[in-house]
Amino acid sequence: MAASLSAGLSYLYLISTPIGNLEDITLRALRILKEVDIIACEDTRRTKILLDHYSIKRPLVSFHSYNQDKMCRVLINKIISGENVAVVSDSGTPGISDPGALLVRDAVCENIPVVHIPGPTAFVTALVSSGLPTNGFTFLGFLPRKTGRIKKVLLNLIDIGKTIIFYESPYRIKKTLALCREVFPADTDCVVARELTKKYEEYIRGKITEVYEKINKRGKVKGELVVMLSKRRSLKND
Ligand code: SAM
Numbered sequence: 005m006a007a008s009l010s011a012g013l014s015y016l017y018l019i020s021t022p023i024g025n026l027e028d029i030t031l032r033a034l035r036i037l038k039e040v041d042i043i044a045c046e047d048t049r050r051t052k053i054l055l056d057h058y059s060i061k062r063p064l065v066s067f068h069s070y071n072q073d074k075m076c077r078v079l080i081n082k083i084i085s086g087e088n089v090a091v092v093s094d095s096g097t098p099g100i101s102d103p104g105a106l107l108v109r110d111a112v113c114e115n116i117p118v119v120h121i122p123g124p125t126a127f128v129t130a131l132v133s134s135g136l137p138t139n140g141f142t143f144l145g146f147l148p149r150k151t152g153r154i155k156k157v158l159l160n161l162i163d164i165g166k167t168i169i170f171y172e173s174p175y176r177i178k179k180t181l182a183l184c185r186e187v188f189p190a191d192t193d194c195v196v197a198r199e200l201t202k203k204y205e206e207y208i209r210g211k212i213t214e215v216y217e218k219i220n221k222r223g224k225v226k227g228e229l230v231v232m233l234s235k236r237r238s239l240k241n242d
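Here it is in structure tokens:
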């Protein structure tokens, strides 16, 4: 068992890692990653880039959405037998549109202590720099794939009075913004945050139609995207 972690008890650590810029990781996250017995991650090659950058050498196991049912049991058994386990995702915070929540649920059922080492999450970074109200928001993760279901989700939120945030792929962004333009009033503010913390970081801001047009006239949209919509004008709590 890793020596300098709490003696006696074994832990499940959820560790937030960078969403682009490798410097965006806390000192505590690096220390815990160095000290745990095993690191469960999505793509071992991707996590290895981060670990190599910080000269961290710990055993990696694959923990994906497609093997998480089986791996939850494996990881819980390891913790019960005295090992400290860290979970990271390919980027950002495990459990946020990434595997993690099921493992935490199982750990809680087994009375295993769960500790999150805070750090980047793409939607928080996007929201705080968007210029849209931050005093109330709804984060949807990824939208459903089917047009009818997307519309239904968005129509339910139209009068919510909060900033709506979701993740979208560059392949679907034009179609999704076209749907948003159909569903939301023309004066809805929209911000698309692209490639956060990376070289080509960009915020595309305007009314929903303007943002749709700016993005639609681009050829192929590249990079990672967060979409935000708001009908509220006031940035103050009310
Ligand atoms: N766990 C991650 C988090 O804490 O934000 C989210 C993982 S989810 C599988 C990946 C999606 O997050 C991307 O498709 C994109 O919508 C968003 N995302 C991740 N990194 C981003 C970045 N650097 N800039 C903009 N969006 C990003």
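Each step along the sequence shown adds one to the number in my numbering, with nothing skipped, and position 68 is 72.
Using N, Cα and C, we set each Cβ at its ideal position, and we do this for glycine too.
- Note on Y204: under 16 other CB atoms within 10 angstroms of its CB, so exposed under the neighbour-count rule.
- H68 sits in coil when the DSSP states are folded into three classes, being neither helix nor strand.
- In this structure, the C-beta of Y171 approaches the ligand SAM to less than 7 Å from one of its heavy atoms.
- R198 sits away from G223, with the two beta carbons spaced by 8 Å or more.
- Out of L161, R149, E186, the CA that lies nearest to the CA of E172 is found in R149.
- Non-local beta-carbon contacts of S134 in its own chain, meaning distances under 6 Å to residues more than five positions away in sequence, involve V195, M232 in chain order.
- N88 and G99 have their C-alpha atoms some 18 Å from each other.
- Where K203 is concerned, there is no enclosing beta strand (DSSP E), because DSSP gives it neither an H nor an E.
- The count of Cβ pairs closer than 8 Å, one atom from the region 110 to 125 and one from the region 70 to 81, reaches three, so the stretches are in contact.
- Annotation for E199 indicates a beta carbon within 7 Å of some heavy atom of the ligand SAM.
- Between the region 119 to 134 and the region 44 to 64 there are fewer than three inter-stretch CB-CB distances shorter than 8 Å, so the stretches are not counted as touching.
- A straight-line Cα-Cα distance of about 10 Å links E186 and L158.
- Shortest Cα-Cα distance from I53 to any of S69, I83, D94, S14 involves D94.
- In this structure, F127 places its C-beta atom within 8 Å of the C-beta atom of F143.
- R209 has V195 as its beta-bridge partners, per DSSP.
- By the Cβ-count criterion, A33 is buried, with 16 or more other Cβ atoms from all chains shown falling within 10 Å of its own Cβ.
- The closest heavy atom of the ligand SAM lies less than 7 Å from the beta carbon of G96.
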